[in-house]
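When we follow this note's numbering, the leftmost residue of the sequence shown carries the number 208, and every step to the right adds one.
Scroll down for the structure; my scribbles are underneath it.
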Amino acid sequence: MCAVVVGGMDRLKRDYIDTAKRLGIRLKVFTGKENVIAPKMGQADLIVLFTNQVSHKAKKEVVSYAKANDIQLHMSHSCGISTLRSCLSNA
208 MCAVVVGGMD RLKRDYIDTA KRLGIRLKVF TGKENVIAPK MGQADLIVLF
258 TNQVSHKAKK EVVSYAKAND IQLHMSHSCG ISTLRSCLSN A
């Protein structure tokens, strides 16, 4: 399974990847500050969007990409490791 995280804290990027790896999930992490996100996401099975750390433009881009490609989307205001673990476990 491949998942994408958009948003979150830069300092937790390595922890996000390690948590996903323990669950057997390959993870790509984007801070949400990139100019264009959608083309870089590829074919993900799940997108986790941390809404408190991402711009409105990036949020709109991710939501429309998920709808257009029929990708499961989890949105959360919290951006901690336990929130990510919960989203990945419930996928």
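Where is the CB? At the ideal position from N, CA and C, for every residue including glycine.
Using DSSP bridges, identify the partner residues of residue i.
i           : result
residue 279 : 253
residue 193 : Nothing can be reported for residue 193, as the shown portion of the chain is limited to 208 through 298.
Compute the Euclidean distance between the alpha carbons of residue i and residue j, then round it to the nearest angstrom.
i           : j           : result
residue 186 : residue 246 : The requested residue 186 is not part of the displayed model; the chain covers only 208 to 298.
residue 226 : residue 281 : 17 Å
residue 217 : residue 244 : 16 Å
Confirm the yes/no value for this check: CB of residue i, any heavy atom of the ligand FMN, distance under 8 Å.
i           : result
residue 209 : Summarising the ligand content, the structure contains no ligands, and the ligand FMN is consequently not present.
Let's test the definition: count the other Cβ atoms within 10 Å of the Cβ of residue i and tell me whether it reaches 16, buried, or not, exposed.
i           : result
residue 288 : exposed
Under DSSP, the alpha helix (DSSP H) around residue i begins and ends at which residues?
i           : result
residue 245 : 245-248
residue 298 : No alpha helix (DSSP H) holds residue 298; DSSP gives it neither H nor E.
Identify which residue in the options has its Cα closest to the Cα of residue i.
i           : options            : result
residue 239 : 275, 260, 270      : 260
residue 230 : 212, 262, 208, 242 : 208
Could you check where the beta strand (DSSP E) with residue i kicks off and where it finishes?
i           : result
residue 233 : 233-237
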